[in-house]
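Numbering-wise, the sequence shown is residues -45 to -1, 1 to 268 according to mature numbering (1 follows the signal peptide of the UniProt record, and there is no 0). Cβ coordinates follow ideal geometry from the N, Cα and C atoms, glycine included. Being a predicted model, the structure only gives us computed values, none of them experimental. First up is the structure itself, then whatever we jot down about it.
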Amino acid sequence: MGVPSVRAEAGRRRPEVPPGGVLPRRRIAAVAAALAALLAGSAAAAPPDPLLAPRLDARAAVRERPGMWIGASVARGERAVVVGSPRRLVAEIAALADRAGRTVTRVWGGYGGAVVLVPRTEEQAAVLAAPAKVDGLAAVATGGRVIVQPAAFARLSATGRMVVVTHELTHVATAGPPTVPMWLMEGFADYVGYLDSGLPVRTIAAELAADVAADGTTDGTTDGTADGAAGTAALNALPGPADFAARPAQAYEEAWLACRYIAARFGERRLVALYRATLREGIGPALREVLGLTADGLTREWRSYAHERLARP
Ligand SMILES: [Zn+2]
């Protein structure tokens, strides 16, 4: 039994649902004012306040739906502001976000901080995340915010929670134009997420290992493409959106192994350089420039690395 699945989509737009709520307007205003005070900076704070941007965004999030945050508490971390309930979970997530933030900074090189929203119910999480989907996910990153789905998050082990928070903060840190293919976006978030987990490959990629073992006839010569035709066989092609929809566990694991392969062969700095170059100019030129590989070449090398690592006891 490994870490429960850590699955999240990175949505790109802010939710546009107007603030709702059935509470009296005066009470809502009072809640918003109380949380706004908690989220305000000290007047004496020095100008380079690393929490300024997340604090302002947390305040905006509370004002968008004040009725959702009655009785909520606020925890400030080094680079993250966490709003929600219950108080103990909010404090725990702030501590996780500090550790995750240090990992993200070590690998990626710093980011502008994040807001983590911890609503009480799955329905509220869905409203906050829209148009991104939270079904079956423990958390989702969208528009610089991380939305926790409380029921799914509660089911995670301590390691699973660490992986999820690190994965989501990686999405926040690396957000940019939609030039990054899904295998690189999700694979990199899982690469950073699992980095300090201490878990073996066959635990993290348990579903994929099972498929590969069952599909012993895969000969590694399939002519895969990197742009997302949904292959039914394990390790057929670098996974695209159709794979993430049809066989999510295996697709995340394939994506993670692709990034792990790149880091193992070229070094972690080149993996980061590949991501940054892909943000600028797309995956094709970035692969050639940073790794000297074509998509087909990477696919072949990833497939053989993954077969070898998944076969090890
Ligand atoms: Zn993700």
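Can you determine whether any heavy atom of ligand 1 sits closer than 6 Å to the C-beta of residue i, and answer yes or no?
i, result
"Arg141", "The sequence given here places Glu at residue 141; Arg does not occur at that position. Yes, the Cβ of Glu141 comes within 6 Å of a heavy atom of ligand 1."
"Ala200", "no"
"Ala144", "yes"
Would residue i and residue j be called neighbours here (beta carbons separated by less than 7 Å)?
i, j, result
"His122", "Ala106", "no"
"Pro194", "Ala210", "yes"
"Val101", "Ala94", "yes"
"Thr134", "Thr233", "yes"
"Gln205", "Leu163", "yes"
"Ala261", "Leu190", "yes"
"Leu124", "Val62", "no"
"Leu(-11)", "Arg10", "no"
"Ala218", "Leu212", "no"
"Ala8", "Gly64", "no"
"Ala16", "Leu72", "yes"
"Ala30", "Val70", "no"
"Val118", "Tyr149", "yes"
"residue 289", "Val89", "Residue 289 cannot be examined here, being either before or after the span of the chain that is shown, -45 to 268."
Quick test of your reading: residue i and residue j, contact by CB under 8 Å. State the CB separation rounded to the nearest angstrom.
i, j, result
"Pro3", "Arg34", "Their Cβ separation, rounded to whole angstroms, is 13 Å, which puts Pro3 and Arg34 out of contact at 8 Å."
"Ala87", "His126", "With a Cβ gap of about 10 Å, Ala87 and His126 do not count as contacting."
"Ala49", "Gly39", "No, Ala49 and Gly39 are not in contact; Cβ-Cβ is about 10 Å, not under 8 Å."
"Leu139", "Tyr230", "6 Å"
"Gly142", "Cys214", "4 Å"
For the alpha helix (DSSP H) holding residue i, just list the boundary residues, first then last.
i, result
"Arg231", "Glu223 to Glu236"
"Ser259", "Ala250 to Ala266"
"Ala113", "Ala113 to Thr129"
"Arg18", "Leu7 to Glu19"
"Val167", "Ala161 to Ala169"
Got a sec, what are the start and stop residues for the beta strand (DSSP E) residue i sits in?
i, result
"Ile102", "Arg100 to Val103"
"Val71", "Ala69 to Val73"
"Thr97", "Ala94 to Thr97"
"Gly56", "Premise fails: Gly56 lies in the alpha helix (DSSP H), Arg42 to Trp63, not in any beta strand (DSSP E)."
"Val245", "No beta strand (DSSP E) holds Val245; DSSP gives it neither H nor E."
Cβ-heavy atom distance between residue i and ligand 3 below 6 Å?
i, result
"Leu72", "Absence of ligand 3 from the depicted structure is noted, with ligand 1 being the only ligands included."
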